[in-house]
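Count the sequence shown with mature numbering (1 follows the signal peptide of the UniProt record, and there is no 0) and you get residues -19 to -1, 1 to 132, in order.
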Amino acid sequence: MKNTLLIGLLALCGFTAQAQTQTEKQQLTSMRAYLAESDYVYPYVDTPPLYPGGQDKWSRYINGNSILLNAGMEAARKGLATGHYVVTVRFAVNADGSVGEVKTLGNKIGYGLEDAAIALVKSSGKWTPANVEGSDTKSWVNLQIRFHVFD
């Protein structure tokens, strides 16, 4: 009798634990679906935002853009020492792919480099937005923009 009672009790505990796990999964799925449909900037996405054409096209855009070259020459003219400088830019890629809320992070270099990095990102056009649960969503991107300053 004790063995039957013990087996029944263990089985009941197992079903209860399984029910809690299913409930937690349903809550998580429900929360992810809500966040995918809201204006919330979701920190974890299924697919991150991407420049159209991927990293290769982004590199071509950067290298072919006169903003970086002009900013580097202007910074040298204003007295910035020759060298390589990095400006970190943070921006949102909205659910429609537009770029917004562009700002720089970290220590300011000056000489117009931050303004040039912001202008470069703002002029990059529409991106492929992040995706959560099958829906396009707003997300953040941090990019390092490299400047070459020379005489």
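We put the CB at the ideal spot given by N, CA and C, even for glycine.
| Query | Result |
| --- | --- |
| Within the chosen definition, does the segment 87 to 95 reach the segment 111 to 118 through at least 3 CB pairs nearer than 8 Å? | no |
| Using three-state DSSP, classify L61 as helix, strand or coil. | coil |
| Could you tell me which residues DSSP pairs with F72 in its beta bridges? | V122 |
| Rounded to a whole number of angstroms, what is the C-alpha to C-alpha distance between R71 and G53? | 20 Å |
| In the segment 85 to 122, which residue ranges form an unbroken beta strand (DSSP E) of at least 3 residues, counting only runs that do not cross its ends? | 111 to 113 and 116 to 118 |
| When the Cα atoms are used, what is the spatial distance from N123 to Y25? | 14 Å |
| Quick one, which of S47, I48 and A56 has its alpha-carbon nearest V130's? | A56 |
| Is the CB-CB distance between V68 and K103 below 8 Å? | no |
| Could you tell me whether the Cβ atoms of L50 and I43 are closer together than 8 Å? | no |
| Helix, strand or coil: which one does DSSP assign to G53? | helix |
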